[in-house]
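The structure under discussion appears below in the form of structure tokens.
Residue numbers (our numbering), protein chains in the order written: chain A, 1 to 98; chain B, 1001 to 1111; chain C, 2001 to 2121.
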């Protein structure tokens, strides 16, 4: 399953809840959730843990808009809009954690 | 939505006559808008218009009149950085009217 | 002047994901016309509003971050960032596009207490 998160990890529990409930799969971080993919963020250790269970992707245009295109945690995969679409088609189903 | 036609090309404006697409702006369009505002463009007018364009390029906002006046004073001298001078060039306001001619949005907070 | 009040704008949201950051900035620019004592505070994700190097072409949204550099020309020079918020996001003062005063949470709390009006975004 593809999990889509669009809220900052430090301001909202969506990503935390997803990591607590979902066993594995793909996670795509978009909009304000892209902060979770950046180095030095207080959420980074949780992301490092999550990377053992999930494949984690981040939407590059959203990261660049926020001036953080050069701070992706190693192992998290940047995708463009085409990659976003591909993730939705290669997974059987998808959930947006609003 | 309204349009204006300048030198055979059509440009979109809002209902108050401000250009919708900032990238549409050129000197011909500026001259055209100035004419509809009854402003005869002189070198002094262009000085202010070019200043506004540079300001917008740098900060991505149209300056408030007070801010514009101060900044013009700094760049072009105190004899130009005052309301009498700027309103003399643009009777309907260096914010409202000059921004329209410069192809910028209406200054934030300008009613 | 006795009618000058202390206004504080508290910014806690990241830019672009919601409209708060932009709305706050617009209200601040308008407020500047009233010659009040204005402070801007950046807490929590609000610190991200000041991150250097924002490039919004890819999301087809206006990059409004250059406008923070125009605040000085509007005589708004009191910008405060909470140290703890900045550090929790892996950011330092060099990452910010304007000069700010960094305050610890206790000092920030005191500053808030001294205000006449606090507007939260």
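Quick reminder that beta carbons are idealized off the backbone N, C-alpha and C, glycines included. As the structure is a computational prediction, the values presented were derived from the model and not from experiment.
Close beta carbons around residue i, own chain, < 8 Å, minus the five adjacent residues each side
| i | result |
| --- | --- |
| residue 1087/B | 1093, 1094 |
| residue 1111/B | Since pLDDT at residue 1111/B reaches only 45, below the 50 mark, its modelled position is unreliable, and no value is offered. |
| residue 1/A | 22, 25, 26, 91, 92, 93, 94, 95 |
Under 7 Å by beta carbon: chain B residues contacting residue i
| i | result |
| --- | --- |
| residue 2064/C | 1060 |
Neighbour list for residue i in chain C, Cβ cutoff strictly below 9 Å
| i | result |
| --- | --- |
| residue 1034/B | The premise fails here: residue 1034/B is roughly 26 Å from chain C at the closest Cβ pair, so nothing lies under 9 Å. |
Neighbourhood of residue i by C-beta, 7 Å cutoff - its chain only, sequence neighbours within 5 removed
| i | result |
| --- | --- |
| residue 2118/C | 2008, 2010, 2112 |
| residue 2031/C | 2007, 2038 |
| residue 60/A | 69, 78, 79, 80 |
| residue 1090/B | 1039, 1097, 1098 |
| residue 1015/B | 1002 |
Nearest residue (CA-CA) to residue i, options the options
| i | options | result |
| --- | --- | --- |
| residue 40/A | 2087/C, 2096/C, 2103/C, 2116/C | 2087/C |
| residue 2077/C | 2018/C, 2024/C, 2041/C | 2041/C |
| residue 1063/B | 2053/C, 2069/C, 2024/C, 2093/C | 2069/C |
| residue 1085/B | 1015/B, 1016/B, 1010/B, 1045/B | 1045/B |
| residue 56/A | 65/A, 73/A, 62/A | 73/A |
| residue 1005/B | 1018/B, 1032/B, 1071/B, 1027/B | 1032/B |
| residue 1026/B | 1057/B, 1102/B, 1043/B, 1107/B | 1102/B |
Cross-chain neighbours of residue i in chain C, by beta carbon under 7 Å
| i | result |
| --- | --- |
| residue 1067/B | 2073, 2074 |
| residue 64/A | 2055, 2058 |
Buried versus exposed call for residue i [16 or more other C-beta atoms within 10 Å across all chains shown]
| i | result |
| --- | --- |
| residue 2045/C | buried |
| residue 93/A | exposed |
| residue 2049/C | buried |
| residue 2025/C | buried |
| residue 64/A | buried |
| residue 2085/C | buried |
Own chain partners of residue i with C-beta closer than 6 Å, once the 5 adjacent residues on each side are dropped
| i | result |
| --- | --- |
| residue 14/A | 5, 7, 97 |
| residue 2094/C | none |
| residue 19/A | 50 |
| residue 2121/C | 2011, 2020, 2024 |
Identify each residue in the segment 66 to 77 of chain A for which the Cβ-Cβ distance to at least one residue of chain C is less than 9 Å, and report them in chain order.
-> 66, 67, 68, 69, 70, 71
Residues in the segment 2018 to 2031 of chain C with C-beta within 8 Å of chain B's C-beta atoms, listed in sequence order?
-> 2026, 2029, 2030
Taking a cut of 8 Å between CB atoms, which residues from the segment 7 to 27 of chain A lie near chain C?
-> 7, 8, 10, 11
According to a CB-to-CB cut-off of less than 8 Å, which residues of the segment 38 to 50 of chain A neighbour chain C?
-> 38, 39, 40, 41, 42, 44
Along the segment 1070 to 1090 of chain B, what residues have a CB closer than 8 Å to any CB found in chain C?
-> 1070, 1071
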